[in-house]
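See below for the structure under consideration.
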Amino acid sequence: MNKLRIGDHIVLLLGVFFMVFPVVLAFITSTHDAVTVYREGLQFGFGDQGLKAYETVLTKAGGFTKEVNGLVMLKNSLILGFGFAIGKIVISMAAAYAIVYFRFPMASLCFWVIFCTLLLPLEVRILPSYEIVQRLGMVNTYAGLIVPLIASATGTFFFRQFFMSVPDELLEAARIDGAGPWKFFIDILVPLSKTMIAAIFIIMFVYGWNQYLWPTLITTDEGFFTLVRGIKQILQVWVGAQIPDYDQAMAMAILAMIPPVLIVVIFQSWFIKGLVESDK
Amino acid sequence: MSNITLDQVRKVYAGNVEAVKGVSIDIADGEFIVLVGPSGCGKSTLLRMIAGLEDISSGEISIGDRVVNKVDPADRDIAMVFQNYALYPHMSVYKNLAYGLTNRGMPKSEIDRRVKEAADILEIGDYLDRKPRALSGGQRQRVAMGRAIVREPAAFLFDEPLSNLDAKLRVQMRVEIKRLQKELGTTSVYVTHDQLEAMTLADRLVVLNGGNIEQIGAPIAVYDKPASTFVASFIGSPAMNLIETVSDAGGLKAKAGTGLQGGNPGGLQACTVGIRPEHLQVVEAGTPVGDGLTLTVKVNVLEPVGAESYIYGTIDGGGAPVVIRIESHQTYDINAILTLHAAAKDVHYFDAETGRRIES
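First to last, the sequence lines map onto chains A and B.
If you're matching positions, the first sequence starts at 1 in UniProt numbering and goes up one per residue.
If you're matching positions, the second sequence starts at 1 in UniProt numbering and goes up one per residue.
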């Protein structure tokens, strides 16, 4: 039994090492200056510039126009992440509510059509999506960043499955208790879906946070750049004898990781609950 | 006034499935009506139509002299207790009770008074702050009843409220429901498939079968004079013995087997006779038949249940199964042949074709 435990721990430790090592390496490397990194590659011991790179990326304006710094990008990323997650939850809950609780013609066809869009990721429809957003004049706006991606087949599917597992008697009891469709949704269904909402919030926040392709297309104004794009931008300075600020790129990568990690850590107990049990 | 009237109520589901076929019942104010029948007999559908949870295909339902066919469940002035309790899992017991009142815009002080009062009646005052999941089955059942009581509705509707409880608790809650209903004097409609619950709770029973009413009446009247073989076999436990017979010159004979002789008071042709297990007496062989029935039965199984015992046997010569109640501690050998007698007044006659009762 004990031996087995040790084996388990070794596997787990290996897993942890495998996941965490690159992050640690990035952090250590970010404490060296760019020249050292360029000359010697990734570093395995702490350098002498400490956390200076972090201060630089957060406060020093960079990019072509020199009007965007790390803090602005952090703000943009947060807006994208939250807008994405909250928007997706609202839309997919509403869609699932309609599909499960209202008898309208071809309801299940509607669901399967929504479900089929899972097969069509953003990349497939990127040209028409861009065209629409561009014509609506939403290029270089937060709305343009968020709204076109807000419909979620995954979210709708999860909420539909959850709503279908809520006993019908609850709806009937609420109807007799004088709750209309709106009240039933707000008073009963939303509180019951709490853990589900938390789980989907995490997934969607991280998904939104990590968006790269769409923001790249939609925002040309550097004031709308997100952290994920910022990393790319730092490395994109091969002009003359300039070398990229590798230390700053590493620092920004670390910074870009922190908010999603925080979200997952904070919501993880809810997240697990939402996926494995249904609180009915 | 909160009488409930059902007039030729029908329910037809998609695909022309008729779940309720023209049911009419007059339920008096304060009466406790039990709808009883096997699953699929339409009793739940009927209750849900009264509640407004199902549309009425045709006919009319009125509550307190107001036709409610098109009235929303919330506005019918009824409260319902569900089989699985249907408590709101995320709300405390207090909020569960108060929810229906809050939705109706009742002042807080009045809500508080009613909730406290209901909690007192049901003895759930100690856990008003708990969530339903922290309660036992019996406690949840009380909360579900509390939610009905606080509304002070014109009628209570119960949809098999006890079937999720264990046997002991079921008896306890059954007594309690009866006491409460008498105390509050609220018109109640109660659905169950359990004939014992039906017998003990009802002022009047409505026995349903296949979407039709088989019989309406006081429990004991239904027991004493079942209107059909269906009612006879459904009400009472163990069920009434039903034996198909044919008549010949000497009187009635069992259709299968040789062990039944009896007079034929009504001059009937083929008919089904019914005798309750407690009305069969073990007698000496050769006792005169009189105008009652005499059976000879082979003992198959002896089943002591404590206060009494039951013999499960078959009519001699390979006939119908028969159950006989005997006093406890009496024993008979397996495969013994017993002679049984039933007095004329305890024998029921049913039409062989339709199963309807023949008054003799």
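Glycine residues also receive a C-beta, built at the ideal position from the N, C-alpha and C atoms.
Since the structure is predicted, the reported quantities are computational estimates derived from the model, not experimental observations.
In whole angstroms, give me the CA-to-CA distance for residue i and residue j.
i, j, result
"isoleucine 177(B)", "aspartate 194(B)", "15 Å"
"alanine 134(B)", "valine 347(B)", "53 Å"
"glutamine 233(A)", "tyrosine 88(B)", "52 Å"
"proline 265(B)", "asparagine 209(B)", "30 Å"
"arginine 160(A)", "glycine 180(A)", "20 Å"
"phenylalanine 17(A)", "valine 23(A)", "10 Å"
"serine 92(A)", "phenylalanine 84(A)", "12 Å"
"phenylalanine 157(A)", "threonine 195(A)", "15 Å"
"alanine 344(B)", "lysine 253(B)", "15 Å"
"valine 231(B)", "serine 92(B)", "43 Å"
"glycine 251(B)", "glycine 211(B)", "37 Å"
"valine 191(B)", "tyrosine 99(B)", "25 Å"
"threonine 205(B)", "leucine 122(B)", "Residue 205(B) is actually leucine in this sequence, not threonine. Looking at the two C-alpha atoms, the distance is approximately 26 Å."
"leucine 6(B)", "lysine 225(B)", "24 Å"
"glutamate 214(B)", "glycine 292(B)", "27 Å"
"valine 11(A)", "aspartate 120(B)", "58 Å"
"serine 62(B)", "alanine 154(B)", "12 Å"
"serine 278(A)", "isoleucine 28(A)", "Note that serine 278(A) scores a pLDDT of 49, beneath 50, so its modelled location is shaky; the value from the coordinates is reported in the next line. Cα-Cα distance, rounded: 42 Å."
"tyrosine 85(B)", "arginine 140(B)", "7 Å"
"proline 128(A)", "threonine 117(A)", "15 Å"
"alanine 227(B)", "cysteine 271(B)", "14 Å"
"aspartate 8(A)", "glycine 306(B)", "58 Å"
"aspartate 64(B)", "serine 2(B)", "First, the amino acid is wrong: residue 64(B) is glycine here, not aspartate. Their Cα atoms are separated by approximately 4 Å."
"leucine 217(A)", "isoleucine 186(A)", "37 Å"
"tryptophan 270(A)", "methionine 19(A)", "23 Å"
"glutamine 242(A)", "phenylalanine 111(A)", "54 Å"
"leucine 42(A)", "leucine 74(A)", "25 Å"
From this set, the options, which residue's C-alpha is nearest residue i's C-alpha?
i, options, result
"threonine 229(B)", "Thr187(B), Val246(B), Ile275(B) and Pro265(B)", "Ile275(B)"
"serine 233(B)", "Glu284(B), Arg357(B) and Val68(B)", "Arg357(B)"
"lysine 182(B)", "Phe156(B), His90(B), Cys41(B) and Leu169(B)", "Phe156(B)"
"leucine 58(A)", "Gly70(A), Leu51(A), Gln49(A) and Gly47(A)", "Gly70(A)"
"isoleucine 337(B)", "Gly318(B), Gly355(B), His329(B) and Ala343(B)", "Gly318(B)"
"alanine 249(A)", "Arg5(A), Phe21(A), Ile10(A) and His32(A)", "His32(A)"
"lysine 298(B)", "Ser328(B), Glu284(B), Ile334(B) and Gly286(B)", "Ile334(B)"
"phenylalanine 184(A)", "Glu222(A), Gln134(A) and Phe163(A)", "Phe163(A)"
"tryptophan 214(A)", "Tyr246(A), Val124(A) and Lys60(A)", "Val124(A)"
"residue 364(B)", "Lys43(B), Pro321(B) and Val36(B)", "Only positions 1 to 360 of chain B appear in the structure, and residue 364(B) is not among them; the question remains open."
"valine 189(B)", "Arg10(B), Ala167(B), Val9(B) and Asp26(B)", "Asp26(B)"
"tyrosine 127(B)", "Asn96(B), Gly42(B), Val273(B) and Gly37(B)", "Asn96(B)"
"phenylalanine 242(B)", "Ala167(B), Gly355(B) and Gly40(B)", "According to the sequence provided, residue 242(B) is leucine. The question's phenylalanine does not apply to it. Closest by alpha carbon: Gly355(B)."
"aspartate 112(B)", "His90(B), Thr200(B) and Arg147(B)", "Arg147(B)"
Using a 10 Å radius around the Cβ and a threshold of 16 neighbouring Cβ atoms, would you call residue i buried or exposed?
i, result
"arginine 114(B)", "buried"
"threonine 45(B)", "buried"
"lysine 280(A)", "Annotation note: pLDDT 43 at lysine 280(A) (below 50); position unreliable, coordinate value reported separately. With fewer than 16 other Cβ atoms within 10 Å, it is exposed."
"aspartate 75(B)", "exposed"
"proline 107(B)", "exposed"
"threonine 220(A)", "exposed"
"glutamine 269(B)", "exposed"
"histidine 279(B)", "buried"
"methionine 49(B)", "buried"
"proline 148(A)", "buried"
"glutamine 211(A)", "buried"
"glutamate 40(A)", "exposed"
"methionine 106(A)", "exposed"
"isoleucine 132(A)", "exposed"
"valine 301(B)", "exposed"
Pull up the CB-CB distance for residue i and residue j, whole angstroms please, since I reckon it's below 8 Å.
i, j, result
"isoleucine 263(A)", "phenylalanine 205(A)", "5 Å"
"isoleucine 311(B)", "tyrosine 332(B)", "6 Å"
"alanine 118(B)", "isoleucine 176(A)", "About 16 Å separates the two Cβ atoms, so there is no contact after all."
"arginine 174(B)", "glutamate 197(B)", "6 Å"
"glutamate 169(A)", "phenylalanine 82(B)", "4 Å"
In the DSSP output, what is residue i paired with across the bridge?
i, result
"alanine 155(B)", "Ile78(B) and Thr187(B)"
"asparagine 209(B)", "Asn212(B)"
"threonine 156(A)", "Threonine 156(A) is not bridged to any residue."
"lysine 108(B)", "Bridge partners of lysine 108(B): none, in fact."
"proline 321(B)", "Thr314(B)"
"alanine 254(B)", "Thr245(B)"
"aspartate 26(B)", "Thr5(B)"
"isoleucine 337(B)", "Lys298(B)"
"serine 309(B)", "Pro304(B) and Ile326(B)"
"alanine 342(B)", "Leu293(B)"
"aspartate 351(B)", "Cys271(B)"
"threonine 192(B)", "Val36(B)"
Does the beta carbon of residue i fall short of 7 Å from some heavy atom of the ligand GDP?
i, result
"valine 347(B)", "The ligand GDP is not part of this structure, which contains no ligands at all."
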